[in-house]
Structures are given as structure tokens and as C-alpha cells.
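Oh and the sequence shown: position 1 is 1 in the UniProt record's numbering, straight run, nothing missing. The block underneath contains the structure these notes are about, expressed in C-alpha cells.
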Amino acid sequence: MKIVIREAVLSDLPRLLELYMLLEFGPAKKLSLDKARLRFLLYREYPDYRVYIAESAGVIAGTFALIIIDSLAHGGKPFGIVEDVVVSDDWQGKGIGKKMMRFAMACCKKRGCYKLALSSHLKREGAHKFYESLGFEKHGFSWYCRPNGAKERSDL
């Protein structure tokens, strides 16, 4: 089975939206195709933000996003962040996720990144083992807030 990793194009959006629904743990609202098109065109303006797909025999089996960010710290070396990694259930266990992550790692190496970071939901224990098998290490904590709805602590 030949797996090709390529940049996503507009015509890939319907399948990408289906795959992204697999990332949700509860009821999620699927982004409309019109809104997805607008976001797709917007992110294409970012200098080093790309969405990739893994394809086999014309079938989109997985996807991930990679952004490479320049930095003033760490000797001016850039770093990479991989997000929205998903492989369709019926394609898991066939090396697609491994090929996608190795592709992201190679992109970061080529650009001289000092690290490639990702985050994964606490409930995704299988994914954690997968990332560890590729050489990713747990490092620190991952924190986030919801900028438009974060609850503030009243005791601060």
C-alpha cells in the first residue's frame, strides 16, 4: 500500500471536516463547508502553516496540521507544532500515523527546529503510546484557557 503525504487543497475540505469530527469527545458542531473554505484560505496566508493529508489510492485516510514558528529564544531556532492529528478508524494500524509524524519531523529537521511539540487529550492513551513509540517525550504540563469564556478565579 502506497501512502502519499501532500498539502491539502480546497477540494479536500469535505473529507477533512469528517476526519476532524473524530477528534471530538462529545457532541460537536461540524464547521460548515463555507466557513471551512474561508478559514482554509486564511491559514494559507500564514507563512509556515500547512495542513497535510495522507492519501492511499485516492482515499484520504488521515490528516495533520504543522506550523513552524520562528523564535528569538533558543539561539533563534524555530520550533514546530503539530495539531489536529487524525487517522480514520478504518485506516488505523496501517502505518499512516507513523508516516505523517515522520513527515512532520523531517520538515522540522529540514528547517532546523529545536523541537516539535504536540498536545493530546488525556483520554487518548493509545495516542500517547503511539507518540512515545516515535520518540516523543512527556514534557511539563499543557495549559490552556478559553479566551472568550474562561472562568476567572475570584480569590486572586
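Where a beta carbon is used, it is the ideal one built from N, C-alpha and C, also for glycine.
- Message: Is the beta carbon of Y52 closer than 7 Å to that of E24?
- Response: no
- Message: Quick check for students: name the residue ranges of the alpha helix (DSSP H) that lie wholly in the segment 19-56, counting only runs of 4 or more.
- Response: 33-43
- Do I69 and F79 have their C-beta atoms within less than 7 Å of each other? yes
- Task: Inspect the beta-carbon positions of V85 and F64 and report whether they are closer than 7 Å.
- Result: yes
- Considering residue 160, what are the terminal residues of the alpha helix (DSSP H) in which it resides? Nothing about residue 160 can be reported from this structure: the residues present for the chain run from 1 to 156 only.
- Look up A127 in the DSSP assignment and say whether it is helix, strand or coil. helix
- Message: Can you tell me whether M100 is buried or exposed? The criterion is at least 16 other CB atoms within 10 Å of its CB, across all chains shown.
- Response: buried
- Item | Which of helix, strand or coil DSSP assigns to D89 | helix
- Could you check how far apart the C-beta atoms of Y114 and K138 are, in whole angstroms? I think they sit under 8 Å. The pair is not a contact, with the Cβ atoms about 18 Å apart (cut-off 8 Å).
- Message: Quick check on E83: does DSSP put it in helix, strand or coil?
- Response: strand
- Task: Quick one: grab the DSSP three-state call for R146.
- Result: coil
- Per DSSP, what kind of secondary structure is S154 in: helix, strand or coil? Confidence in S154 is poor, its pLDDT being 49 and thus under 50, which makes the residue's placement unreliable; the coordinate value appears in the next sentence. S154: coil per DSSP, three-state reduction.
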